[in-house]
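Working notes, beginning with the structure itself.
Protein chains: 2
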Amino acid sequence: MPGPGEFELIREYFSSRFQTGARPGSAANTVVLGIGDDCALLNPPAGKTLATSVDTLVADVHFPANADPYRIASRALRVNLSDLAAMNAEPLWFTLALTLPQSDPQWLAPFARGLAETADLYGVTLVGGDTTKGPLSITIQVTGACEKPLRRDGARAGDTVFVSNQLGAAAAALPIALGEMVGTAEQRQQMEAAYYFPEPQFAVARAIGNYASAALDISDGLLADLSHICEASKLGAELELEELPVAGLAQSMNAECNTESALETALTGGDDYQLCFTVPEQHLDTVDKLNLPITAIGRMSAEPGIRCRLHGNPWQPRGSGYRHF
Amino acid sequence: MPGPGEFELIREYFSSRFQTGARPGSAANTVVLGIGDDCALLNPPAGKTLATSVDTLVADVHFPANADPYRIASRALRVNLSDLAAMNAEPLWFTLALTLPQSDPQWLAPFARGLAETADLYGVTLVGGDTTKGPLSITIQVTGACEKPLRRDGARAGDTVFVSNQLGAAAAALPIALGEMVGTAEQRQQMEAAYYFPEPQFAVARAIGNYASAALDISDGLLADLSHICEASKLGAELELEELPVAGLAQSMNAECNTESALETALTGGDDYQLCFTVPEQHLDTVDKLNLPITAIGRMSAEPGIRCRLHGNPWQPRGSGYRHF
Numbered sequence: 060m061p062g063p064g065e066f067e068l069i070r071e072y073f074s075s076r077f078q079t080g081a082r083p084g085s086a087a088n089t090v091v092l093g094i095g096d097d098c099a100l101l102n103p104p105a106g107k108t109l110a111t112s113v114d115t116l117v118a119d120v121h122f123p124a125n126a127d128p129y130r131i132a133s134r135a136l137r138v139n140l141s142d143l144a145a146m147n148a149e150p151l152w153f154t155l156a157l158t159l160p161q162s163d164p165q166w167l168a169p170f171a172r173g174l175a176e177t178a179d180l181y182g183v184t185l186v187g188g189d190t191t192k193g194p195l196s197i198t199i200q201v202t203g204a205c206e207k208p209l210r211r212d213g214a215r216a217g218d219t220v221f222v223s224n225q226l227g228a229a230a231a232a233l234p235i236a237l238g239e240m241v242g243t244a245e246q247r248q249q250m251e252a253a254y255y256f257p258e259p260q261f262a263v264a265r266a267i268g269n270y271a272s273a274a275l276d277i278s279d280g281l282l283a284d285l286s287h288i289c290e291a292s293k294l295g296a297e298l299e300l301e302e303l304p305v306a307g308l309a310q311s312m313n314a315e316c317n318t319e320s321a322l323e324t325a326l327t328g329g330d331d332y333q334l335c336f337t338v339p340e341q342h343l344d345t346v347d348k349l350n351l352p353i354t355a356i357g358r359m360s361a362e363p364g365i366r367c368r369l370h371g372n373p374w375q376p377r378g379s380g381y382r383h384f
Numbered sequence: 060m061p062g063p064g065e066f067e068l069i070r071e072y073f074s075s076r077f078q079t080g081a082r083p084g085s086a087a088n089t090v091v092l093g094i095g096d097d098c099a100l101l102n103p104p105a106g107k108t109l110a111t112s113v114d115t116l117v118a119d120v121h122f123p124a125n126a127d128p129y130r131i132a133s134r135a136l137r138v139n140l141s142d143l144a145a146m147n148a149e150p151l152w153f154t155l156a157l158t159l160p161q162s163d164p165q166w167l168a169p170f171a172r173g174l175a176e177t178a179d180l181y182g183v184t185l186v187g188g189d190t191t192k193g194p195l196s197i198t199i200q201v202t203g204a205c206e207k208p209l210r211r212d213g214a215r216a217g218d219t220v221f222v223s224n225q226l227g228a229a230a231a232a233l234p235i236a237l238g239e240m241v242g243t244a245e246q247r248q249q250m251e252a253a254y255y256f257p258e259p260q261f262a263v264a265r266a267i268g269n270y271a272s273a274a275l276d277i278s279d280g281l282l283a284d285l286s287h288i289c290e291a292s293k294l295g296a297e298l299e300l301e302e303l304p305v306a307g308l309a310q311s312m313n314a315e316c317n318t319e320s321a322l323e324t325a326l327t328g329g330d331d332y333q334l335c336f337t338v339p340e341q342h343l344d345t346v347d348k349l350n351l352p353i354t355a356i357g358r359m360s361a362e363p364g365i366r367c368r369l370h371g372n373p374w375q376p377r378g379s380g381y382r383h384f
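Written out as structure tokens, the structure is:
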């Protein structure tokens with residue numbers, strides 16, 4: 060039996076949940092016209108710079124095709140919002156380009172619910188989209204407004220490198236997320252949080268906005284992403300690995316191996332969506348007093364490349380981050 | 060041999076061709092930061108409304124997977140720009156989410172060239188994107204600025220229905236585009252133009268911006284798309300099919316059948332990206348004097364549904380437009 064046509068499908072699952080003006084927060088009253096015309100019409104907040112980012116999640120590349128659609132939607136939107144957070148932008152709007160093998164209400168209903176609940180949580184409004192037939196993939200573009208954007212290219216030699224929260228949980232979670240292993244109940248819960256409900260670090264970004272010299276979110280692994288700050292700022296970095304905040308899940312999943320395997324996971328594993336940022340010396344005291352969930356892990360240096368030390372001894376990871384091809 | 064990694068790939072094929080500020084036109088100086096950070100940073104033109112639209116083209120659904128990548132890029136961007144034109148918005152920025160089975164320079168080089176040349180032609184700037192591994196598909200989101208948006212919901216009963224240029228060429232071209240038939244040299248040339256180089260109707264939209272009551276672009280077939288104006292405006296329409304401007308290709312491809320087959324193609328075939336719009340009676344004389352490539356084909360009416368007449372006799376098409384699922 061064929062599913063509903065594209066227009067009924069969009070109307071039923073998205074338009075009704077994302078009525079213009081129905082979302083809370085300030086984003087809703089910037090939407091002149093939402094889903095359903097050739098374009099959405101939007102009034103950007105006066106005097107602010109727009110920040111926009113697009114990410115595609117492909118089934119069986121970025122998430123298991125048979126994963127719970129509610130969780131897929133949560134992950135897809137959160138991963139995109141993380142880019143706004145990393146730029147210190149406040150979320151306004153997003154669009155959804157959804158490619159589906161078939162129009163299946165059993166899949167669409169929880170997906171739309173996951174999307175709507177995540178959007179509500181972060182005060183971002185769905186303003187348009189496209190639904191096409193093909194192999195499952197999800198492209199979301201988020202747009203936000205910012206006054207003090209945190210770019211990658213502002214670091215200076217001597218700036219301290221920080222990361223938010225812990226690293227390595229998402230990469231450690233992968234074997235459980237993929238069903239390759241079961242894990243303990245606690246590990247499954249940590250996997251769930253790390254992999255499907257990563258938290259865009261808006262609060263940290265807002266707090267450090269006046270003090271950080273550069274920032275990004277860690278999507279491809281700390282070493283790979285820090286190297287983008289290094290390249291954009293034409294610098295290198297020295298990391299003290301004993302300072303690295305390794306997530307409990309990375310420790311417990313690597314318990315049978317050793318501490319260095321957990322370190323490796325925290326350094327090179329992707330998908331954590333924590334912030335990595337740099338702070339000039341004159342702001343270190345102020346940032347310290349903000350009581351943020353952040354850890355200083357090293358310093359920017361004039362010499363290109365990233366050098367890791369563990370208790371003072373040079374330490375070389377085996378991998379350097381996720382490659383998309 | 061593995062292709063280049065994602066970052067080298069993006070840098071080589073896109074960043075170098077789409078340097079911030081390197082594009083002509085006014086869009087370039089609204090770009091604070093283009094490709095390469097977590098987000099693009101954009102300064103929207105003061106006092107204008109933004110219009111944004113996203114479309115996905117999936118290989119072997121929306122274009123033949125083995126088609127020339129230059130032509131695929133042209134079609135992908137033009138189809139998206141058509142939504143801006145239909146809203147009477149001037150193009151500013153676009154993003155590209157590209158999913159590729161492998162990182163293949165033989166494919167990427169002509170694709171990037173097609174995208175850059177099309178972008179130049181319409182004065183739109185690539186500001187960001189994502190490259191992922193998976194089944195070939197292209198998602199483009201375009202954003203423009205408008206002062207007098209042309210929505211779907213402004214038509215009134217008695218307004219005259221117009222279409223721009225001719226209809227049916229793209230649908231008639233499909234068997235040639237898919238390689239199912241060869242066609243004459245002239246037909247192949249017309250296929251090329253209709254299918255891979257559709258022209259977003261910016262000039263027509265700009266000219267009618269002050270006079271039209273509703274507008275959209277015809278992507279799914281005239282009947283399907285006009286029904287969106289009808290629904291949004293809570294009206295119906297009466298069409299006089301002898302007025303319908305049927306494209307030469309639709310006529311020549313249906314020559315062995317009959318005129319009614321050509322009419323059917325023009326009424327229900329998708330992918331033409333011509334405008335369909337409505338004009339209130341008091342503006343008809345003014346619009347007539349603009350000497351635009353447009354044709355009056357009927358009127359909006361209070362009675363819901365679309366009724367077609369051919370030389371005064373009721374006429375019922377077999378299909379009603381493209382269904383995506």
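Residue numbers (our numbering), protein chains in the order written: chain A, 60 to 384; chain B, 60 to 384. Where is the CB? At the ideal position from N, CA and C, for every residue including glycine.
Three-state class that DSSP yields for residue i in the structure shown
i                : result
Ile199 (chain A) : strand
Ile356 (chain A) : strand
Pro128 (chain A) : helix
Gly173 (chain A) : helix
Gly265 (chain A) : The sequence shown places Arg at residue 265 (chain A), rather than the Gly named in the question. Arg265 (chain A) falls in the helix class under three-state DSSP.
Gly80 (chain B)  : Because Gly80 (chain B) carries a pLDDT of 44, less than 50, the predicted location of this residue cannot be relied on, and no value is offered for it.
Arg134 (chain B) : helix
Ala273 (chain B) : strand
Gly364 (chain B) : strand
Ser278 (chain B) : coil
Ala216 (chain B) : coil
Met60 (chain B)  : Any answer about Met60 (chain B) is weak, because its pLDDT of 33 lies below 50 and its placement is not dependable; what the coordinates show is given next. Looking at Met60 (chain B) - three-state DSSP - the assignment turns out to be coil, as it is neither helix nor strand.
Residue i and residue j closer than 8 angstroms at C-beta
i                : j                : result
Ala236 (chain B) : Met250 (chain B) : yes
Ala273 (chain A) : Gly364 (chain A) : no
Ala231 (chain B) : Leu294 (chain B) : no
Thr158 (chain A) : Gln200 (chain A) : no
Leu282 (chain A) : Pro376 (chain A) : yes
Pro103 (chain A) : Asn224 (chain A) : no
Asp331 (chain B) : Ala264 (chain B) : no
Thr219 (chain B) : Ala355 (chain B) : yes
Ala204 (chain B) : Leu308 (chain B) : no
Leu275 (chain A) : Ile288 (chain A) : yes
Val222 (chain B) : Cys335 (chain B) : yes
Ser47 (chain B)  : Gln246 (chain B) : Here chain B comprises residues numbered 60 to 384, so residue 47 (chain B) is not present and cannot be evaluated.
Tyr255 (chain B) : Arg358 (chain B) : no
Ser360 (chain A) : Gly329 (chain A) : no
Ser196 (chain A) : Ser292 (chain B) : no
Leu136 (chain B) : Leu174 (chain B) : yes
Supposed close pair residue i, residue j - CB separation, criterion 8 angstroms
i                : j                : result
Gln333 (chain B) : Leu226 (chain B) : 6 angstroms
Leu349 (chain A) : Gly280 (chain A) : Not a contact, Cβ separation roughly 26 angstroms.
Leu321 (chain A) : Asn313 (chain A) : Sequence check: residue 321 (chain A) is Ala here, not Leu. Their Cβ separation, rounded to whole angstroms, is 4 angstroms, which keeps Ala321 (chain A) and Asn313 (chain A) in contact under 8 angstroms.
Leu167 (chain B) : Tyr72 (chain B)  : 5 angstroms
Ala156 (chain B) : Thr198 (chain A) : 4 angstroms
Glu297 (chain B) : His370 (chain B) : Actually they are not in contact, since the Cβ atoms of Glu297 (chain B) and His370 (chain B) sit about 14 angstroms apart, beyond 8 angstroms.
Pro194 (chain B) : Ala118 (chain B) : 7 angstroms
Trp152 (chain B) : Val91 (chain B)  : Not a contact, Cβ separation roughly 11 angstroms.
Gly238 (chain A) : Pro123 (chain A) : 7 angstroms
Ser162 (chain B) : Leu285 (chain B) : 43 angstroms between Cβ atoms; not a contact.
Stretch pair the segment 207-222 of chain B + the segment 139-152 of chain B: three plus CB contacts closer than 8 angstroms: The way I'd put it, the segment 207-222 of chain B does touch the segment 139-152 of chain B; three or more beta-carbon pairs between them come closer than 8 angstroms.
Sufficient close CB pairs (3 or more, under 8 angstroms) joining the segment 99-119 of chain B to the segment 180-192 of chain A: Yes, they touch.
Positions along the segment 236-266 of chain A whose CB lies within less than 7 angstroms of some CB in chain B: Within the segment 236-266 of chain A, no residue has a Cβ that lies closer than 7 angstroms to any Cβ of chain B.
Sufficient close CB pairs (3 or more, under 8 angstroms) joining the segment 89-100 of chain B to the segment 87-107 of chain A: No, the segment 89-100 of chain B does not touch the segment 87-107 of chain A.
Contact the segment 238-248 of chain A vs the segment 170-180 of chain A: 3+ CB pairs below 8 angstroms: Too few Cβ pairs lie closer than 8 angstroms, so no.
Validate contact between the segment 118-131 of chain A and the segment 127-140 of chain B using beta carbons, cut 8 angstroms, 3 pairs: Output reads no: the segment 127-140 of chain B does not touch the segment 118-131 of chain A.
Short-range partners of chain B found in the segment 98-116 of chain A, where Cβ spacing is below 7 angstroms: Within the segment 98-116 of chain A, the residues whose Cβ lies closer than 7 angstroms to some Cβ of chain B are Cys98, Ala99, Leu100, Leu101, Asn102, Pro103, Thr108, Leu109, Ala110, Thr111, Ser112, Val113, Asp114 and Thr115, listed in chain order.
Interfacial residues, the segment 188-219 of chain A to chain B, with Cβ spacing under 7 angstroms: The residues in question are Gly188, Asp189, Thr190, Thr191, Lys192, Gly193, Pro194, Ser196, Thr198, Gln200, Pro208, Arg210 and Arg211.
Contact list for the segment 122-146 of chain B against chain A, Cβ threshold 7 angstroms: Residues passing the 7 angstroms Cβ filter: Asp142, Leu143, Ala145 and Met146.
Contact list for the segment 320-333 of chain A against chain B, Cβ threshold 9 angstroms: Residues of the segment 320-333 of chain A with a Cβ closer than 9 angstroms to any Cβ of chain B: none.
Interface positions of the segment 275-301 of chain B facing chain A (Cβ-Cβ less than 7 angstroms), listed along the chain: Contacts with chain A (Cβ-Cβ distance below 7 angstroms) from the segment 275-301 of chain B involve Leu275 and Asp276, listed in chain order.
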